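Novice: Numbering (mature numbering (1 follows the signal peptide of the UniProt record, and there is no 0)), first residue to last: -22 to -1, 1 to 349. Just so it is clear, CB atoms sit at the ideal spot from N, CA and C, and this is done for glycine as well. Computed from a prediction, not measured in an experiment: that's the story for all the values here.
1) If you follow the alpha helix (DSSP H) that residue 268 is part of, which residue opens it and which one closes it?
2) Could you name the residues that DSSP lists as bridge partners for residue 168?
3) Terminal residues of the continuous alpha helix (DSSP H) containing residue 345?
4) For the alpha helix (DSSP H) holding residue 153, just list the boundary residues, first then last.
5) If we count the other Cβ atoms within 10 Å of its Cβ and call it buried at 16 or more, is residue 134 buried or exposed?
6) Who are the Cβ neighbours of residue 106 in its own chain at under 8 Å, not counting the five residues just before and after it?
7) Going by beta carbon distance, what residues of the same chain come within less than 7 Å of residue 235, once the five residues before and after it are set aside?
8) Does the separation of the CB atoms of residue 264 and residue 287 fall below 9 Å?
9) Please identify the residue among 114, 85, 110, 122 whose C-alpha is closest to the C-alpha of residue 97.
10) Around the Cβ of residue 340, are there at least 16 other Cβ atoms within 10 angstroms (buried) or fewer (exposed)?
11) Comparing C-alpha positions only, which one of 211, 242, 147 sits nearest to residue 119?
12) Between residue 191 and residue 217, what straight-line distance do the alpha-carbon atoms span, to the nearest angstrom?
13) Return yes when the Cβ of residue 219 is within less than 9 Å of the Cβ of residue 137, no when it is not.
14) In whole angstroms, what separates the C-alpha of residue 307 from that of residue 78?
15) DSSP three-state label for residue 177, please.
16) For residue 11, count the other beta carbons within 10 Å of its own beta carbon; 16 or more makes it buried, fewer makes it exposed. Which is it?
17) Rounded to the nearest angstrom, what separates residue 100 and residue 57 at their Cα positions?
18) Looking at the structure shown, is residue 113 part of a helix, part of a strand, or coil, going by DSSP?
19) Tell me which residues share the same chain as residue 325 and place their Cβ nearer than 6 Å to its Cβ, disregarding the 5 neighbours each side in the sequence.
20) Exposed or buried, what is residue 329 when buried is set at 16 or more other beta-carbons lying within 10 Å of its beta-carbon?
21) Determine the burial state of residue 45: buried for a count of at least 16 other Cβ atoms within 10 Å of its Cβ, exposed for fewer.
22) Would DSSP call residue 191 helix, strand or coil?
23) May I have the straight-line CA-CA distance separating residue 222 from residue 41, to the nearest angstrom?
24) With distance defined between alpha-carbon atoms, name the residue in 39, 159, 206, 132 nearest to residue 29.
25) Can you tell me the Cα-Cα spacing of residue 272 and residue 151, whole angstroms?
26) For the pair the segment 58 to 71 and the segment 107 to 115, tell me if three or more CB-CB distances fall below 8 Å.
27) Leaving aside the five residues before and after residue 251 along the sequence, list all residues of the same chain whose C-beta is less than 8 Å from its C-beta, in chain order.
28) Can you check whether the CB of residue 141 is closer than 9 Å to the CB of residue 129?
29) Counting only the same chain and skipping the five closest in sequence on each side, list residues whose C-beta sits under 6 Å from that of residue 352.
30) Exposed or buried, what is residue 84 when buried is set at 16 or more other beta-carbons lying within 10 Å of its beta-carbon?
31) Could you give the C-beta distance for residue 144 and residue 39, rounded to a whole number, given that I count them as a contact under 8 Å?
32) Going by the CB atoms, is the gap between residue 321 and residue 397 shorter than 9 Å?
33) To the nearest whole angstrom, what separates the beta carbons of residue 172 and residue 297, a pair I think is in contact under 8 Å?
34) Just list the alpha helix (DSSP H) runs in the segment 287 to 312, keeping only unbroken ones of 4 residues or longer that don't cross its boundaries, in chain order.
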């Protein structure tokens, strides 16, 4: 994601957590597992029930300290007045009660979903999904990945892909140890959901391994594809990557189900790691994806993984970001780089409808897997 995209997403964080703090949807892969997804109308969660707060994760990698914030989304029945989180001139935020005390049914322990954002994104990018998941009885932890987040993103930093799944594991450790949220979480029911580079992240945490030769071949064949163009435009060489780190296994066995939305590097995973994929998987493919074309990426990946399900959802690559405000497209149209305009491009679909359908599919999938 280029500088313009990062700056606009940054503007959307006018209040950060803890700072003030159309077509039918099909689940397929392969054809014999084709089913019709149920239509769903999202029921708005009462503002009194959605709370959020921010924690810091402190951990040290082989490359040095890597602290980052995590937004926790959870149910509450009381607390301070609502504030908008993730709201700005381009994207629409959500109303939450910041730092409200958590509330769950007496004796209940809730499943946890980890959310991983895409390149240049941030921990509020899927706040709409976090809201729906909390409504459905989940606790959600959305990460901020250093080196590939709003205001701190560069090809050089983001290319150290192996650090991202480690972020998930570190965040999970922190959530389970958190004195307020940890006791609410059922540690046997944990899922990970990610978009774009976050899709790669959750796949890696679920057990997929990259293949450097496949990675290099992918970008040789598709230099303009979004997940390659970002790095190639900076003149980075895949030969310079630490092969052992790039191709290592970063599976976290605590993660029991994975949802990968328009995953980056879908063509660069080692075949043996996909053949041995260990947990239930839903791949969400946006059929109008202009950065990671659906057929060659999400659909092809799902076909390579035994038992994987594929949600074929009309929409563009950024349709799983928050709703664009009415003046969003006009704001983007002022920018000289045409690719910036994709941020509010939903391939002729209603973004609200995309959110409803993706959210419904994710919740059904998680319920069916026991998470």
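Specialist: Taking the definition as stated:
1) Careful: residue 268 lies outside any alpha helix (DSSP H) and carries neither H nor E.
2) 90
3) 329 to 347
4) 141 to 155
5) Looking at its Cβ environment, which holds fewer than 16 other Cβ atoms inside 10 Å, residue 134 is exposed.
6) 72, 300, 301, 333, 337
7) For residue 235, where only same-chain residues beyond five positions count, the Cβ hits under 7 Å are 169, 257, 258, 344, 347, 349.
8) no
9) 122
10) buried
11) 147
12) 9 Å
13) yes
14) 35 Å
15) helix
16) At residue 11 the pLDDT is 45, less than 50, meaning the model places this residue with poor confidence; the figure from the coordinates comes in the next sentence. By the 10 Å Cβ count, residue 11 comes out exposed.
17) The alpha-carbon atoms of residue 100 and residue 57 are separated by roughly 25 Å.
18) helix
19) 266, 293, 294
20) buried
21) Classification of residue 45: exposed, given that the 10 Å Cβ count is below 16.
22) Looking at residue 191 - three-state DSSP - the assignment turns out to be helix.
23) 14 Å
24) 159
25) 34 Å
26) no
27) 185, 186, 187, 227
28) no
29) For the chain, the structure presents residues -22 to 349; residue 352 sits outside this window and is missing.
30) exposed
31) 6 Å
32) Residue 397 is absent from the model: the chain starts at -22 and stops at 349.
33) 15 Å between Cβ atoms; not a contact.
34) 306 to 311
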